[in-house]
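>
Protein chains: 2
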Amino acid sequence: MSTTPSRAPKKTAPDSARRSERSRRAIYDAALALVGEIGYARTTIEGIAARAGVGKQTIYRWWGSKAQVLMEAFIDLNEQNAHAAAEKYAGVPVDGGGLPDSGDLEADLKLVLRATIDELKDPRFEAPARALAAEGVANREFAEEFIARLLMPGLDLYAARLSAAKDTGEIRADVDPEIARDLFVSPLAQRWLQFTGPLDHAYADKLVEYALYGISARPKKPQA
Amino acid sequence: MSTTPSRAPKKTAPDSARRSERSRRAIYDAALALVGEIGYARTTIEGIAARAGVGKQTIYRWWGSKAQVLMEAFIDLNEQNAHAAAEKYAGVPVDGGGLPDSGDLEADLKLVLRATIDELKDPRFEAPARALAAEGVANREFAEEFIARLLMPGLDLYAARLSAAKDTGEIRADVDPEIARDLFVSPLAQRWLQFTGPLDHAYADKLVEYALYGISARPKKPQA
């Protein structure tokens, strides 16, 4: 990994730090705009540099590859979105810092899934997210970093919230949180990735109710 | 849509029909191999023709675009897989013709999800399926045909099986089959598309049990 601006040399003077921050922001914006417009494969370091109005050496000084620039640009966008969502949902920490835990699992899950749907449909987010996700589907090596840095941290928050709900007796003791989380997260992912149906708040609410209370009209049979 | 070999001129002599069938098969094999190796964007009609050992006019006579060749090659592969799966699962119609309906919804869903996982992990299927899915994520126009012809027919079978289970009283009367189907299908799709966890028979079984009987330890609250 190359040195990124957040780990810039300690001796940087204030003016230089401001210039670096301005360049970093311009590079992130250019990278996200380009990948959304022309896709991952055709986006290049040269193209990002030209659009950001910086020399390509500026990019190579901070990042080792186009994948790294894009990944960090996207993580930065996610953080901005998380702050915006937290504000919108009245101080609830929607992303970083764990899922809301009000003691009412059903209400908490509906809140988070609704916020996630809003984020997935945000036009600033959608084009670059889709280009990166498409690359991840086709390219296992890219996928591994994409998953580790962007996808799993979010999925782990769901598993942690469900584990907490097992401790309080809201969730059955035999439930595996890393499987159960998929009942909430994967339907959103598939409808967003593959356009298999409408993605709205009513859908989020139904998913939560079905997964928590089941769709069967009959009790579970005793298993052998 | 152009004329495909299955709708070939009526006057075709037996020898010519055999040659056509051989060419069609060679073109499908070449298209699936190429898209798996170099991706959708870099696959061309010329490349498919060269690999199949046919003139590119042969391809243009039957198909209007590379997307159409690939889609039909993939539908053909799916049909072959469905036959193989049906044989493996002792005559149960796994794909075409509806999901199994033995009267035991839990057993039927486990059977079908396990078979789907086997198919997703089949190496002949995986590379081209991944290349087409990646293109569908990034390209809405391609996605629409991909969804209508390849994805939705499968999803509709789940919704139909769940509707039948509502009629027999196995599923609660207020359940929407087009939302409930996602609890079974989407977790498989996401683990396959995004490598978010192991995809095995034990996972299929847990999904079915969680979605049918719920993960909550408490009954559903009366809704306002």
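Protein chains in written order, with our numbering: chain A, 1 to 224; chain B, 1001 to 1224. No residue lacks a Cβ here, since even glycine has one placed at the ideal position from N, Cα and C. Source: prediction; values computed, not measured.
#1: So, for A/Gly227: in the same chain, excluding its five sequence neighbours on each side, which residues have a beta-carbon less than 7 Å away from its beta-carbon?
#2: Once you ignore the five residues that flank B/Arg1161 on each side, which residues in its own chain have a CB closer than 6 Å to its CB?
#3: Quick check on B/Gly1096: buried or exposed, where buried means 16 or more other Cβ atoms within 10 Å of its Cβ?
#4: Looking at the C-beta of B/Ala1143, does it have a partner C-beta in chain A at a distance below 7 Å?
#5: With distances taken from CA atoms, which of A/Val137, A/Ile59, A/Glu72 is nearest A/Leu150?
#6: Between A/Leu113 and B/Ala1129, what straight-line distance do the alpha-carbon atoms span, to the nearest angstrom?
#7: Using a Cβ-Cβ cut-off of 7 Å, state whether B/Tyr1158 counts as contacting chain A.
#8: Check whether the Cβ atoms of A/Ile241 and A/Leu199 sit closer than 7 Å, and answer yes or no.
#9: Which residues in chain A sit within 8 Å of B/Lys1220, going by Cβ to Cβ distance?
#10: Run down chain B in chain order and give the residues with a C-beta less than 9 Å from the C-beta of A/Pro123.
#11: Which residue comes first and which comes last in the alpha helix (DSSP H) that contains B/Trp1062?
#12: Taking Cβ positions only, does A/Val112 come closer than 7 Å to chain B?
#13: By the 9 Å beta-carbon criterion, what residues does the segment 50–84 of chain A contribute toward chain B?
#14: Going along the chain, which unbroken runs of the alpha helix (DSSP H) with 4 or more residues stay wholly within the segment 1108–1150 of chain B?
#15: When the Cα atoms are used, what is the spatial distance from B/Ala1173 to B/Asp1108?
#16: Between the C-alpha atoms of A/Gln190 and A/Ile38, what's the straight-line distance to the nearest angstrom?
#17: In its own chain, which residues sit with a C-beta less than 7 Å from the C-beta of A/Leu193, not counting the 5 before and 5 after it?
#18: Using a Cβ-Cβ cut-off of less than 7 Å, give me the residues of the segment 1183–1199 of chain B that come near chain A, in sequence order.
#19: Compute every distance between the C-beta of A/Tyr203 and the non-hydrogen atoms of the ligand FMN, then say whether any falls below 6 Å.
#20: So, does the CB of A/Ser102 fall closer than 7 Å to a CB anywhere in chain B?
#21: Relative to the alpha-carbon of A/Leu155, which residue among A/Val185, A/Glu119, A/Ala131 has its alpha-carbon at the smallest distance?
#22: So what's B/Ser1065 in DSSP terms, helix, strand or just coil?
#23: Closer than 9 Å, Cβ to Cβ, to anything on chain B: give me those residues from the segment 27–47 of chain A, in chain order.
#24: What's the C-alpha gap between A/Gly64 and A/Glu141?
#25: Tell me whether the beta-carbon of A/Ile215 lies closer than 7 Å to the beta-carbon of B/Ala1180.
#26: Since B/Glu1178 and B/Leu1105 should fall inside the 8 Å C-beta cutoff, what is the C-beta to C-beta distance between them, to a whole number of angstroms?
#27: Taking the alpha-carbon of B/Phe1125 as reference, which of B/Leu1212, B/Ile1045, B/Ala1143, B/Leu1077 has the nearest alpha-carbon?
#28: Who are the Cβ neighbours of B/Pro1123 in its own chain at under 6 Å, not counting the five residues just before and after it?
#29: Rounded to a whole number of angstroms, what is the C-alpha to C-alpha distance between A/Ala211 and B/Tyr1210?
#30: Contact criterion: CB-CB distance below 7 Å. Does A/Arg25 meet it with respect to chain B?
#31: Where does A/Gln80 fall in DSSP's three states?
#32: Would you call B/Thr1044 buried or exposed, if buried means 16 or more other Cβ atoms sit within 10 Å of its Cβ?
#33: Using the beta-carbon of each residue, which ones in chain A are nearer than 8 Å to B/Arg1161?
#34: Can you name the start and end residues of the alpha helix (DSSP H) that A/Phe184 belongs to?
#35: How is the alpha helix (DSSP H) around B/Lys1166 delimited, first residue to last?
By the coordinates alone:
#1: The structure shown does not extend to residue 227 of chain A, since chain A is modelled only from 1 through 224, so no value can be given for it.
#2: Leu1099
#3: Unreliable positioning characterises B/Gly1096 in this predicted model, as indicated by a pLDDT of 49, which lies under 50. The coordinate reading is nonetheless provided below. Exposed, because fewer than 16 other Cβ atoms sit within 10 Å of the Cβ of B/Gly1096.
#4: yes
#5: A/Glu72
#6: 29 Å
#7: No, no contact with chain A.
#8: The structure shown does not extend to residue 241 of chain A, since chain A spans only 1 to 224, so no value can be given for it.
#9: Ordered by position in chain A, the residues that pass the 8 Å Cβ test against B/Lys1220 are Glu209, Leu212, Tyr213.
#10: For A/Pro123, there are no C-beta contacts with chain B under 9 Å, since the nearest C-beta of that chain is about 14 Å from it.
#11: In the DSSP annotation of this structure, the continuous segment of the alpha helix (DSSP H) that includes B/Trp1062 starts and ends at 1056–1062.
#12: Chain B contact via Cβ: absent.
#13: none
#14: 1123–1138, 1140–1146
#15: Cα-Cα distance, rounded: 20 Å.
#16: 23 Å
#17: Ala133
#18: Leu1183, Ser1186, Pro1187, Ala1189, Gln1190, Leu1193, Gln1194, Phe1195, Thr1196, Gly1197
#19: Questions concerning the ligand FMN fall outside what the structure shown contains, since it holds no ligand whatsoever.
#20: no
#21: A/Val185
#22: coil
#23: Gly39, Tyr40, Ala41, Arg42
#24: 15 Å
#25: yes
#26: Contact flag wrong, Cβ pair sits at about 17 Å.
#27: B/Leu1077
#28: none
#29: 7 Å
#30: Residue-level contact check: A/Arg25 does not touch chain B, since none of the beta carbons of chain B fall below 7 Å from its beta carbon.
#31: helix
#32: The residue is exposed, with fewer than 16 neighbouring Cβ atoms inside 10 Å.
#33: Per Cβ cutoff of 8 Å: no residues; B/Arg1161 is ~12 Å from chain A at best.
#34: 177–194
#35: 1152–1167
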